[in-house]
Each structure stands twice: as C-alpha cells, then as structure tokens.
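As structure tokens, the structure follows; a few thoughts come after it.
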Amino acid sequence: MANHPVFLRSCCANSRAIRPERSTSGTSSDRSRNSFPSHWFRLYQTIKFSLLSALGALWVAALWLMSTAAPAMAEWSATASSSLFYTDNSNLFSATRRSSLDGDPSQPVVESSSFGHNKDMVFEPALRVIKFIPSSWGKTAFTAKVRGFVYAVNPEFSQTGIYLEGVHAFNPDTALRLRFFTAPDQLLGQTESSHGSIHGLQDARVSSHIGSIRFDKRLSEHFEVQLYGRAGIRRFNEPFVERDTFLWAIGPHLVWHVTHHTRMVLGYHYERGLAEGRHHPQFHDDSSYVHHFASVALEADVMENLELELDFHYERNNFTTGIPDDHHHFLGGENIFLGSGRLLYQLTDNTALTLTVQRAQRSLNAEHAHLQAHNTNVGLGVLYRF
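Residue 284 in my numbering sits at position 284 of the sequence shown, with consecutive numbering throughout.
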C-alpha cells in the first residue's frame, strides 16, 4: 500500500496508524404524493435505480476482484470511534457536524423551529470497516460506515447516517471514489404548516439519499486536484411534502502538500436544488435554491504524536422561488460562516484521543423573514483501530 499515496488518502486519509475520516395544503388527498406530477416520481425512481445499480456494480466488482486476488493479499481494517459533544443548539448540531467538502453541507435546517434551540449533550458513535483488495487492475477499497447522533435532552433528534464507498487506485497518482450516503427520517425541528386541513406546528422530517463521485489526480510532488460531483434526493414527511428536493453539485478541490507534514485543501461546490413546490404555487412553499460552498482547510503534524486540523467554510444559499406569497423564501438568501478545529493525539499505534471545537453563524434574510442563529459544539473523543 505504501506506493499508492492517492489511494491511501482516499481510503484512510493518512498512512499513520490512525487517521480517521474527516469529519461534513389542501385536504389530505390533495397533499398526497400522488398529487404531484408523474415525472417527479419517474425521476425519483430513475435516480434510485441508478444509485442502486452503481452500488450493485461495485459489489459485483468486489466479488470478482476477491476471486482473482491472492487471499493472503486481502486486508481488513476497522475503526471505532466515540465522542461526547456539548452543543448550545440541538436543532443545528447535525448540520454543523456534516458541513465539509466530503460531507453534506446543504443539509436543510428549520431555524424557526419551536424547540431544539437549547443546550444538549450529544453522543456520537461511529464504526467504519474497510476491505482492501489488490489485483492486477490496481488496488481497491470498499468501506461501510455507520455514524450516529444520540441526544440526551432532545432524544427525538437522534439519527443515523450510513455510508457505502468504493475507492480504486489505477496507479500511485490516480484514484476514483464512489460513495452512497443515506440519512433516513431525520427530525429537523417543529415548524408551522398552514395548508388546508394540515395546519399548526408539525414535525419536519427528511430522508436524504445522495450519491457522489470524486476523481483524484496527483499533478506533482506538491499539488493534487480532485474533481467532485454528487446528486440525490431529499424526501420530506407529509406536512411538508412540497419540499421534496432533487439536488446536484459539482466542484473542484486543490490539495497543496506544503511539506511531508503539512497540507492545505481548497474547495468550492456549486449546488442546485429543485423543490417540488415550484410546481405548486398554491402551497406558497418553494425551497429551491442555488448553493455556493467554499472551504479552506489546514492539516499539520504539530508533533510526532499530535495532529492539528483547522477548517473554515462559507456557504451562501440563494432561494430561487418566484412565488411572492412564499414569505420564507421569496427574495431570500442565507449566509453561513463555520470554523472548526480538531486535535488528534496518538496514544498508541491503535488508539487516539480527539478534541473538536466548532462554531457556526447563520443568517437568513427574506422579504418577510429575518433570522439569526448560531451553534457552538465542543467534543472529546476516542478512536480505536482493530
């Protein structure tokens, strides 16, 4: 594995013993999903079939490669992590934690939620299993990861994210990564719904299903370029079904290896989200958007057993609704500034401790909506590699 640097960064992020993955109405019948145009359902089915087909192809390829590779050459790796976070805003915690170049920076939030803006303690367990498979075609790694957020004060916000990923290195300087991410039935908060018979405060829930692809190419000793794209769908619960959104994003990343112990990552994503509400002006709720995400990160080995990661992100959401009665989105936009830092101390070859601090500032401005919110997260964690 030592002679595949791009591959190692894609799978493990570092060749050291532990280098964990970074952490990103009307009536009831009128409101049913069947009332929406059939092309939306066909689009959803097409996307779902394409993603499942891609995953199926990955696993078929894995089985074939396993059958052709020498058994002694195949390698397994598993990393378990556990962190305990203090947060001053339960409602925004998961969006802040998932905001990264390889995460889900456009995860929706409900800033006007009637609850969930208080302090909380959040337990964040994760388990990642990697299978390395060398062959005559190069080297391949298949990863399955489960990550949870368990809230103490607001347990209704507890949720799970599942990641399936395949990375293949064609040569020491070229790699391709495919990933599928799903976060089912996630509570965003409780907010007002006033369409027909469904009115008053309602739980807003979303299930996200997103596939991504990234092509990594080492250009020289110091520079590497990554080309990133993703597409997926978010499905909301019945009171907010008009917010069902198809999204796609593209963007470049530039990795600068300043020294053997320091690197910087610059990235930008352009994302387009098309909500079902744009076809139904009677609901006065079109959350379609254009999302700009810019990030700069510094990763450095400060000491032999101490690593430092610093990130700064800026996000801009421009809502594209043309419905004047959509008071939450019409002529609206959102600015998000997020900074984070993490220290990782290596106790042994298989064990590490982490300290993470994050701060996010959010501001929403629309014709009839002006909101300010912030989120601070502080966490201590431990990682162990089997």
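Yeah, the Cβ is synthetic: ideal placement off N, Cα and C, and Gly gets one too.
From a predicted model like this one, the values you see are computed outputs, not experimental measurements.
Apart from sequence neighbours up to five positions away, the residues of its chain that approach P252 with a beta-carbon distance below 8 Å are V225, Q226, L227, Y228, G267, Y268, ordered along the chain.
Cβ contact annotation for S82 (same chain, cutoff 7 Å, sequence separation greater than five): P125, G381, V382, in chain order.
By the criterion of at least three beta-carbon pairs nearer than 8 Å, the stretch 310 to 322 is not in contact with the stretch 347 to 355. In this structure, F132 sits away from S94, with a CB-CB distance that is not shorter than 8 Å.
Assigned with DSSP and collapsed to three states, R205 falls in strand.
Rounded to the nearest whole angstrom, the CA to CA distance from S136 to G339 is 43 Å. Note that the C-beta distance between F215 and L176 is below 8 Å. In the structure shown, the three-state DSSP call for R98 is coil. In this structure, the alpha-carbon of I233 lies about 15 Å from that of R278. When the beta-carbon positions are compared, F85 and G341 stay at least 8 Å from each other. Between T79 and R128 the beta-carbon gap is near 5 Å, inside 8 Å, which marks them as a contact.
By the neighbour-count criterion, in which a residue is buried when 16 or more other Cβ atoms sit within 10 angstroms of its Cβ, E75 is exposed. In the DSSP annotation of this structure, the continuous segment of the beta strand (DSSP E) that includes R128 starts and ends at 120 to 135. Its chain contains E299, R342 as the residues whose beta carbon lies nearer than 6 Å to that of E309, once the 5 sequence neighbours on both sides are disregarded; these appear in chain order. In this structure, DSSP gives L92 a helical state, which the three-state scheme calls helix. Closest in alpha carbon position to G200, among P184, H327, S113, T262, is S113.
Using a Cβ distance threshold of 8 Å, P239 and Q202 count as a contacting pair.
Per DSSP, E165 is one residue of the beta strand (DSSP E) stretching across 159 to 171. L364 is classed as buried because its beta carbon has at least 16 other beta carbons within 10 Å across all chains shown. By the CB criterion at 8 Å, V265 and A294 fall outside the cutoff. By the criterion of a C-beta distance shorter than 8 Å, T262 is surrounded in its chain by L298, E299, A300, D301, once the five residues flanking it on both sides are discounted. If you draw a straight line from the Cα of T356 to the Cα of M121, it is about 14 Å long. The Cβ atoms of N375 and D185 lie no closer than 8 Å to each other. Partner residues in the beta bridge of L254, as assigned by DSSP, are V225, L266.
Listed in chain order, the non-local C-beta contacts of K119 below 6 Å within the same chain comprise D88, local neighbours out to five positions each way being set aside. Here DSSP, grouped into helix, strand and coil, assigns G322 to coil. Looking at the DSSP output, A78 shares a beta bridge with V129. Counting other Cβ atoms within 10 Å of its Cβ, V206 reaches 16 or more and is therefore classed as buried.
Taking C-beta separations shorter than 6 Å and ignoring five residues to either side along the sequence, the partners of E307 in its chain run D301, L344, following chain order. E367 counts as exposed, since fewer than 16 other beta carbons sit within 10 angstroms of its beta carbon.
Within the model, the alpha-carbon separation for H168 versus G138 is close to 7 Å.
Secondary structure of V150 (DSSP, three-state): strand. If the five residues before and after D311 are omitted, its C-beta is found closer than 6 Å to the C-beta atoms of A297, S340, all from its own chain and listed in chain order. A residue is called buried once 16 or more other Cβ atoms fall within 10 Å of its Cβ, and S220, having fewer, is exposed. Ranking S158, F246, V146 by CA distance to the CA of S90 puts S158 first.
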